[in-house]
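Numbering (our numbering), first residue to last: 1 to 115.
Written out as structure tokens, the structure reads:
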């Protein structure tokens, strides 16, 4: 589904000495991603779009998503960056909406996992 082998590797790093390791990594992801989503949202409001700035934010978001193995979110990040490089504002807007949906679904799945 939503997570790749990276998440399994995180689980394998968790042990008695570090029982909340995965939860801490995911909490950090939430913190970073919330900030980046806000930055991207604000940058998409400004016209003309600053594609270089948007690409930079999305590069960070993609790295953050990769760190927990969020493969569907990561795929949307890649697509968004492709649209940035092509200077395609419409593509960026569309992909960002899809990314937010994938992110919301991921959060629901992770919340269920931690219960």
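Using N, Cα and C, we set each Cβ at its ideal position, and we do this for glycine too.
In the structure shown, residue 70 falls within a strand segment according to DSSP collapsed to helix, strand and coil. In the DSSP assignment, residue 106 falls within the unbroken alpha helix (DSSP H) covering 89–114.
Where residue 17 is concerned, there is no enclosing alpha helix (DSSP H), because DSSP gives it neither an H nor an E. The continuous alpha helix (DSSP H) containing residue 41 extends over residues 21–45. For residue 55 and residue 66, the gap between their C-alpha atoms comes out near 16 angstroms.
The shortest CA-to-CA distance from residue 60 to any of 46, 97, 40 is the one to 40. In the three-state reduction of the DSSP assignment, residue 49 falls in the coil class.
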